[in-house]
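Numbered per my numbering, the sequence shown spans residues 1117 to 1478.
For glycine and all other residues, C-beta sits at the position ideal for the given N, C-alpha and C.
Here's the structure, in structure tokens; my notes come after.
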Amino acid sequence: MNLGTARIAPGTNVVRPVDCSRAIYPFVFCHLHASHAWRWIVGILVCLSVPVDGYGQDWARKMFSEFRHDFGTVVKGEEAEHRFEFQNIYLEEIEIDRISSSCGCAQVSYTNKKLKTWEKAEIVVKFNTKAFSGQRQATISVNFANPFRGEVQLTITGLIRTDIQIQPGAIDFGSGAMANIKTQIVKITKYGNPNWSIRDVQSAYGNIAVELSKPRRFYDRTEYELKASLKPETPTGFCQGELFLVAMEGNREDQIPLPFSGKVSAPLEISPQVLDFEKVAPGQTVSRKVVLKSDQAFSLKDVICAASGFACDAKSSPKKVHFVELKYTADMTPGRHETVITFVTDIGGECRIELPTIVTIE
């Protein structure tokens, strides 16, 4: 009899619930006196009447490593989000039936409804700071339909302050080459206590630079202006994190999070990443297309290759995307040959990008 235990994937250190039907039935009918058998039968029926979900709660929870998140102190209108990650550690496919929140202060969604073995997904919780205020708590119920019924409950808490305004509620650096990423300006206003102050701005992300103005104090509010920028050495790719405004009000210290995100792309991108001239006959001439792309209009100044046999027209007018045709005439030496083709552009005065190239002469 199946009591709703998912089959655990190899290498997972999880204890299976015991299938008591296999263990108890032989004992009852082989070893009990007939006059007492009915009592055992009733007991077994009561045991088996317990919903399968009782076991389901346990198997479903084993996929999660975190069940609670505290947003701390956030301000009205701030974009606050947390993701609860879980992983399918079972052989069966996992399917989410539905998710719900006990409070409108938490807006919930998921990144993937069905998960095969070892696949991961996230329960996304957005703290609704625009419509709610004060101390808030919500329970998120994640209900699974397959392979068995089960429910996992997650909890979020947080304090939404209405006396502090931050505009915008999150820093968006946008996307583009580093030269096109602009400094972002954030205005911070605290109503009430005129002695409120920001003592520090902290972040675990090392490639963001901030500049905080001196406070402007009025009878009913205090204002700051914060400038945030990405450092020139910021690597390409996505950047995401939080700034923490360390604020003092009397003897109380608050850390107010301010999320930021952006994507830094290379000043010059090339496609394909590797150029392959495959199965070229000796003396044969073949061609390939190469795409050069940038956020700004640029000119192609030169194409350099140490190996012989390559030719292309390097002269071009300024534009953001260049389609370059490379021609190659194979020599009489069979085998695999590797070289690098360098494209020289006028981005930032001069910007070069290399393209690994493989030629196979047969």
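N-terminal and C-terminal residue of the beta strand (DSSP E) that residue i is part of
i            : result
residue 1359 : 1353 to 1365
residue 1421 : 1416 to 1421
residue 1109 : Residue 1109 lies beyond the stretch modelled for the chain, which goes from 1117 to 1478, so this question has no answer here.
residue 1472 : 1467 to 1477
residue 1206 : From DSSP, residue 1206 is part of no beta strand (DSSP E); its letter is neither H nor E.
residue 1254 : 1250 to 1262
residue 1347 : That residue, residue 1347, is in no beta strand (DSSP E); it is neither H nor E in DSSP.
residue 1232 : Segment: none, residue 1232 is in no beta strand (DSSP E) and carries neither H nor E.
residue 1424 : Segment: none, residue 1424 is in no beta strand (DSSP E) and carries neither H nor E.
residue 1313 : 1313 to 1318
residue 1277 : 1266 to 1283
residue 1225 : 1222 to 1226
residue 1289 : 1287 to 1293
residue 1306 : 1300 to 1307
residue 1459 : 1451 to 1461
residue 1324 : 1324 to 1328
Option nearest residue i by Cα separation, candidates the options
i            : options                   : result
residue 1196 : 1244, 1216, 1205 and 1474 : 1244
residue 1181 : 1268, 1437, 1232 and 1255 : 1268
residue 1291 : 1210, 1253, 1380 and 1312 : 1380
residue 1376 : 1360, 1475, 1316 and 1368 : 1360
residue 1266 : 1176, 1399 and 1405       : 1176
residue 1435 : 1412, 1453 and 1450       : 1412
residue 1257 : 1246, 1417 and 1222       : 1222
residue 1329 : 1382, 1356 and 1314       : 1314
residue 1190 : 1289, 1280, 1234 and 1205 : 1280
residue 1403 : 1378, 1395 and 1468       : 1395
residue 1382 : 1283, 1317, 1389 and 1353 : 1353
residue 1348 : 1415, 1213, 1299 and 1246 : 1299
residue 1407 : 1401, 1385, 1414 and 1421 : 1385
residue 1444 : 1282, 1356 and 1428       : 1428
residue 1368 : 1309, 1419 and 1342       : 1309
residue 1333 : 1326, 1247, 1356 and 1307 : 1307
residue 1192 : 1418, 1318, 1356 and 1277 : 1277
residue 1316 : 1288, 1370 and 1220       : 1370
residue 1453 : 1391, 1194 and 1405       : 1391
residue 1342 : 1215, 1465 and 1327       : 1327
Pairwise C-alpha distance: residue j and residue i
i            : j            : result
residue 1239 : residue 1224 : 7 Å
residue 1184 : residue 1259 : 17 Å
residue 1350 : residue 1358 : 16 Å
residue 1304 : residue 1198 : 23 Å
residue 1450 : residue 1229 : 53 Å
residue 1423 : residue 1478 : 18 Å
residue 1270 : residue 1344 : 34 Å
residue 1201 : residue 1442 : 47 Å
residue 1261 : residue 1252 : 29 Å
residue 1471 : residue 1217 : 51 Å
residue 1331 : residue 1320 : 25 Å
residue 1293 : residue 1323 : 15 Å
residue 1209 : residue 1233 : 7 Å
residue 1286 : residue 1254 : 23 Å
residue 1458 : residue 1363 : 52 Å
residue 1226 : residue 1474 : 43 Å
residue 1410 : residue 1476 : 31 Å
residue 1399 : residue 1425 : 10 Å
residue 1378 : residue 1401 : 44 Å
residue 1284 : residue 1274 : 20 Å
residue 1237 : residue 1178 : 14 Å
residue 1414 : residue 1433 : 8 Å
residue 1405 : residue 1389 : 12 Å
residue 1249 : residue 1194 : 11 Å
residue 1484 : residue 1235 : Residue 1484 lies beyond the range of the chain shown here (1117 to 1478); nothing can be said about it.
Residue i burial status per 10 Å Cβ neighbour count (16 or more: buried)
i            : result
residue 1187 : buried
residue 1393 : buried
residue 1079 : Limits of the chain in this structure are 1117 at one end and 1478 at the other, which puts residue 1079 out of reach.
residue 1311 : exposed
residue 1448 : exposed
residue 1272 : buried
residue 1446 : buried
residue 1139 : At residue 1139, the pLDDT of 39 sits below 50, so the modelled position is not reliable and the matter cannot be decided from this model.
residue 1373 : buried
residue 1461 : buried
residue 1204 : buried
residue 1264 : buried
residue 1340 : buried
residue 1440 : buried
residue 1335 : exposed
residue 1241 : buried
residue 1420 : exposed
residue 1302 : buried
>> Quick check for students: name the residue ranges of the beta strand (DSSP E) that lie wholly in the region 1378 to 1413, counting only runs of 3 or more.
In response: Under the rule that a run must span 3 or more residues, the beta strand (DSSP E) segments found entirely inside the region 1378 to 1413 read 1385 to 1387 and 1391 to 1396.
> What beta strand (DSSP E) runs, 3 residues minimum, are completely inside the region 1170 to 1194?
Replying inline: You should have 1184 to 1192.
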